[in-house]
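>
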Amino acid sequence: MVLPLGKPMLEMVVGADWLDELDHVSFLQHQRMADRATEILWRNAGGPPFTAASPTALVMIDVRARYARELRLDETVAVHTRVTKVDHRRLWLTHSLVCEGAVATTVDILALCFDAGKRRAALWPEAMMEKFQHWSVGSATVEP
């Protein structure tokens, strides 16, 4: 059942350019979809554009994928995102790639607030922290 996953952040159609030599959608395509959903969440949280000098950036420090179903050419895939946990400098996300009403892949991400100018971990700005907390498991929905 898809309901607990929240609203889709984006939908994409599996294209021929996603397929490898085995007519298979590779991990990189699954990760690209999760990355795009993370970028949408970042913008919705008020995150600034990513630059080499940005005082607040989001960097992924751990990514884990679990596959439940193969994705096939021309299928529509919706990416649902949940904030599962947040603290003063870390953010845990779960992206569920849903196709034909079933979860095809789950991508768990641990992200870190990063000051690119200083090249070190930073604290989430207060307004972002409030949004992340609002979106965390209690509400389970991130507005796209």
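Each residue of the sequence shown is one higher than the last, beginning at 468 in the working numbering. Just so you know, even glycine gets a beta-carbon here, dropped at the ideal spot from N, CA and C.
Looking only at C-alpha atoms, which of GLN600, PRO522, ARG556, ALA483 sits nearest to ALA583?
That would be PRO522, whose Cα lies nearest to the Cα of ALA583.
> Tell me where the alpha helix (DSSP H) around LEU508 begins and ends.
Its alpha helix (DSSP H) spans residues 494-511.
> Are at least three pairs of beta-carbons, each pair with one atom in the stretch 566-578 and one in the stretch 526-546, less than 8 Å apart?
Flag = yes, the stretch 566-578 and the stretch 526-546 touch.
> Under the DSSP definition of a beta bridge, which residues are partnered with ASP582?
DSSP lists ARG587 as partners of ASP582.
> Please name the residue, chosen from ARG539, HIS491, HIS555, that lies closest to VAL480 on a Cα-to-Cα basis.
Closest by alpha carbon: ARG539.
> At which residues does the beta strand (DSSP E) containing HIS547 begin and terminate?
Where HIS547 is concerned, the enclosing beta strand (DSSP E) stretches over 543-553.
> Say whether the stretch 490-498 touches the stretch 548-560, bearing in mind that this needs 3 or more beta-carbon pairs closer than 8 Å, one atom from each stretch.
These segments do not touch.
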